[in-house]
Amino acid sequence: MKIVIASGKGGTGKTTVATNLATVFASKNFPASYCDCDVEAPNGHIFLKPEIEHSRIFCQSVPQVNHELCDGCGDCSKICRFSAIVVIRRKVLTFPELCHSCGGCSLVCPLKAIEEVNREVGIVETGTAGKIKYVAGKLNIGEASAVQLIRKVKNELDENGISVIDAPPGTSCPVIETMRGGDYVLLVTEPTPFGLNDLRLAVETVRKLEMPLSVVINRSDIGDSGVETYCRDEGIEVIARIPYSRDIAEAYSKGSMLVNQIPNQLELYSVLADRLMERVSSSVAV
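Residues in the sequence shown are numbered from 0 upward in steps of one, following numbering that gives the first Met the number 0.
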């Protein structure tokens, strides 16, 4: 069972919800995993404080051109949608940072002048945080694409048990890759005009993927009623509301788990976890 925690924008409390949910699932004796797919800025470790058992370099395949064999025909450039390989005046130039490792350029080269070589783009970490299996990726600074690293991180998850997958913010390719293969999407938002605007985009993305979803409104007692009205009009369940609290802000600033520090937060997340189990079970059954 894979639950993706996502948001249309950063700063809504997505990682807070994801880490606390994983902690509650583990406390209920479910085999629980936390997967940090926000590989450009992973921060789940700040709260879960895992013991890292394995850290492996992740490489992707990029083209390397043998210029002695190449005649500059341009077939490789024509097939690349990302301009990772281009031909200018019969001279081939490669841009590894743009490569998506599809292998198309080497396949179409009539002279077999292109081979694929490995290029380091990040690392994959696995470990444990108490009863929780911890998986995270870290993309090297300056890399343009996180998709393949996210895919590798997700492959580390067990098929059994409950996996809480912390997605990157936004609605771009890394988010879509994170959602793909999940069973349910929980969107975390805030009751502000910015929150509503980005929630609309996130909902549209999830619906394009034909995945079931519900919404958590963080800091629910500030801002305006726009998010509530939108969810009601769209038939989207607001599965939980988390009021603003100074205690929450203080615990967050210290990197503490809310469910371990604040009694009413343990109750809130326990109810949220039970509701999610019901929603996911019913959606999977359908």
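The C-beta atom is built at its ideal place from N, Cα and C for all residues, glycine as well.
What does a CB cutoff of less than 8 Å around Gln260 pick up in its chain, not counting 5 residues either side in sequence?
In the sequence shown, counting from the first residue as 1, residue 260 sits at position 261. Asp246 and Ala250, listed in sequence order.
Whole-angstrom Cβ separation of Leu212 and Val202, contact assumed at under 8 Å?
Counted from its first residue, the sequence shown places residue 212 at position 213. Counted from its first residue, the sequence shown places residue 202 at position 203. Yes, they are in contact, since the Cβ atoms of Leu212 and Val202 sit about 7 Å apart, within 8 Å.
By a C-beta neighbour count over all protein chains shown, 10 Å radius and 16 as the cutoff for buried, is Val187 buried or exposed?
What you label residue 187 is simply residue 188 of the sequence shown in a count that begins at 1. With 16 or more Cβ atoms within 10 Å of its Cβ, Val187 is classed as buried.
The alpha helix (DSSP H) with Tyr183 in it runs from where to where?
Looking up residue 183 in the sequence shown gives position 184. Unbroken run through Tyr183 is the beta strand (DSSP E), Tyr183 to Thr188; no alpha helix (DSSP H).
Extent of the continuous beta strand (DSSP E) to which Thr170 belongs:
Along the sequence shown, read from residue 1 onward, the residue named residue 170 stands at position 171. Counting along the chain, Thr170 falls outside any beta strand (DSSP E), and DSSP gives it neither H nor E.
Ignoring anything shorter than 4 residues or poking outside the segment 182 to 229, list the alpha helix (DSSP H) runs there in chain order.
192 to 207
With 16 other CB atoms within 10 Å as the buried threshold, where does Leu271 fall?
Start at 1 with the first residue of the sequence shown, and residue 271 comes out as number 272. Buried, by the Cβ-count rule.
For Asp220, which residues from the same chain have a beta carbon less than 6 Å from its beta carbon, with the 5 sequence-adjacent residues on both sides left out?
Taking the first residue of the sequence shown as 1, we reach residue 220 at position 221. Only Pro242 and Tyr243 meet the Cβ criterion.
Within its chain, find whatever has a CB closer than 6 Å to the CB of Glu142; leave out the 5 residues flanking it on each side and keep chain order.
In the sequence shown, the residue the question calls residue 142 occupies position 143. Closer than 6 Å at Cβ, skipping near neighbours: Val120.
Using only the heavy atoms of the ligand SAH, determine whether one of them is closer than 7 Å to the beta carbon of Val187.
In terms of ligand content, the structure shown is empty, and the ligand SAH therefore cannot be addressed.
Leaving out five residues on either side along the sequence, give the residues of the same chain with a beta carbon under 8 Å from the beta carbon of Glu155.
Within the sequence shown, numbered from 1, the residue matching residue 155 stands at position 156. The answer, listed in chain order, is Cys34, Val123, Thr125 and Val134.
Three-state secondary structure (DSSP) of His53:
As a first step, residue 53 is located in the sequence shown; it is residue number 54 there, counting from the start. In the structure shown, His53 sits in a strand (DSSP, three-state: E or B).
Give a yes or no on whether the C-beta atoms belonging to Val163 and Ala5 are separated by under 8 Å.
Position 164 of the sequence shown, counted from the start, is the residue given in the question as residue 163. Position 6 of the sequence shown, counted from the start, is the residue given in the question as residue 5. Going by C-beta atoms, Val163 is not nearer than 8 Å to Ala5.
contact_flag[the segment 20 to 29, the segment 101 to 108] where n(CB pairs < 8 Å) is 3 or more:
no
State buried or exposed for Lys207, treating a residue as buried only when at least 16 other CB atoms are found within 10 Å of its CB.
Counting from 1 along the sequence shown, the entry for residue 207 is found at position 208. Its Cβ having fewer than 16 others within 10 Å, Lys207 is exposed.
For Gly169, which option in Arg274, Phe29 and Glu39 has the closest C-alpha, if you only look at C-alpha atoms?
The sequence position of residue 169 within the sequence shown is 170, counting from 1. Nearest of Arg274, Phe29 and Glu39 to Gly169, Cα basis: Glu39.
For Pro190 and Val146, I'd like the C-alpha separation in whole angstroms.
The sequence position of residue 190 within the sequence shown is 191, counting from 1. The sequence position of residue 146 within the sequence shown is 147, counting from 1. Spanning the two alpha carbons is a distance of roughly 30 Å.
So is Ser144 buried or exposed if we call it buried at 16+ other beta carbons inside 10 Å?
The residue you call residue 144 lines up with position 145 of the sequence shown. Per the 10 Å Cβ criterion, buried.
CA-CA distance, Lys77 and Asn65?
Within the sequence shown, residue 77 is the residue found at index 78, counting from 1. Within the sequence shown, residue 65 is the residue found at index 66, counting from 1. Going by the C-alpha atoms only, they are around 18 Å apart.
Can you tell me whether DSSP reads Cys72 as helix, strand or coil?
To locate residue 72, count along the sequence shown from 1; it is residue 73. If DSSP states are grouped into helix, strand and coil, Cys72 belongs with coil.
Buried or exposed (CB count within 10 angstroms, at least 16 for buried), Asn117:
Counted from its first residue, the sequence shown places residue 117 at position 118. Exposed, because fewer than 16 other Cβ atoms sit within 10 Å of the Cβ of Asn117.
Can you list, in chain order, the residues of its chain whose CB lies under 8 Å from that of Asn159, leaving out five sequence neighbours each side?
Here residue 159 corresponds to residue number 160 of the sequence shown, with the count starting at 1. Closer than 8 Å at Cβ, skipping near neighbours: Pro30.
DSSP three-state call for Tyr251: helix, strand or coil?
For the purposes of this step, residue 251 is taken as residue 252 along the sequence shown, with counting starting at 1. Helix at Tyr251.
To which residues does DSSP link Pro62 through a beta bridge?
Taking the sequence shown and counting its residues from 1, the one referred to as residue 62 is at position 63. Looking at the DSSP assignment, Pro62 forms a beta bridge with Glu115.
Identified DSSP bridge partners for Tyr133
One-based indexing of the sequence shown puts residue 133 at position 134. According to DSSP, which records beta bridges pairwise, Tyr133 is partnered with Tyr33 and Gly126.
Determine whether the beta carbon atoms of Ile149 and Met0 lie at a separation below 8 Å.
On the sequence shown, position 150 is the one that residue 149 refers to. On the sequence shown, position 1 is the one that residue 0 refers to. If you check the CB distance, Ile149 and Met0 do not come in under 8 Å.
Distance CB(Leu68)-CB(Ala128) smaller than 8 Å
Counting from one through the sequence shown, the residue named residue 68 turns up at place 69. Counting from one through the sequence shown, the residue named residue 128 turns up at place 129. No, these two residues do not count as a Cβ contact at 8 Å.
With a 10 Å radius around its C-beta and 16 neighbouring C-beta atoms as the bar for buried, classify Leu200 as buried or exposed.
What you label residue 200 is simply residue 201 of the sequence shown in a count that begins at 1. Burial call: exposed.
If Ile131 sits next to Ser32, beta carbons under 8 Å apart, how far is it from one beta carbon to the other, in whole angstroms?
As a first step, residue 131 must be located in the sequence shown, where it is residue number 132. As a first step, residue 32 must be located in the sequence shown, where it is residue number 33. Their Cβ separation, rounded to whole angstroms, is 7 Å, which keeps Ile131 and Ser32 in contact under 8 Å.
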